[in-house]
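So the sequence shown is numbered by our numbering: it starts at 598 and just counts up by one. The C-beta atom is built at its ideal place from N, Cα and C for all residues, glycine as well. All remarks here apply to the structure that follows.
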Amino acid sequence: MKSVKRIFLLLLWSSLLMMGSCMNPRLSTSAGVDVHWGPNGPQVRPHMNVGVYGGGRL
């Protein structure tokens, strides 16, 4: 019975850590212009990025 209780406490503790690491997501955005030099001169390509960062400990 002790081992079942220890396993339950370990699962509870690990799930609390995982929930704590996933509770604070942040959206990050960036936009800009890439310039590539080719044989016919410069090419300009716009880009936009959207990302989600969890900010966790794990």
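Delimiting residues of the beta strand (DSSP E) encompassing residue i
i      : result
Met598 : Unbroken run through Met598: none, as it is neither H nor E.
Pro643 : 638 to 650
Minimum C-alpha distance to residue i - residue among the options
i      : options                        : result
Met645 : Trp634, Val632, Ser627, Ile604 : Ser627
Beta-carbon proximity check, residue i vs residue j, cutoff 9 Å
i      : j      : result
Ser573 : Tyr650 : Nothing about residue 573 can be reported from this structure: the residues present for the chain run from 598 to 655 only.
Val630 : Val641 : yes
Distance between beta carbons of residue j and residue i, contact taken as under 8 Å
i      : j      : result
Pro622 : Val632 : Not quite, the Cβ-Cβ distance comes to about 33 Å (not below 8 Å), so this is no contact.
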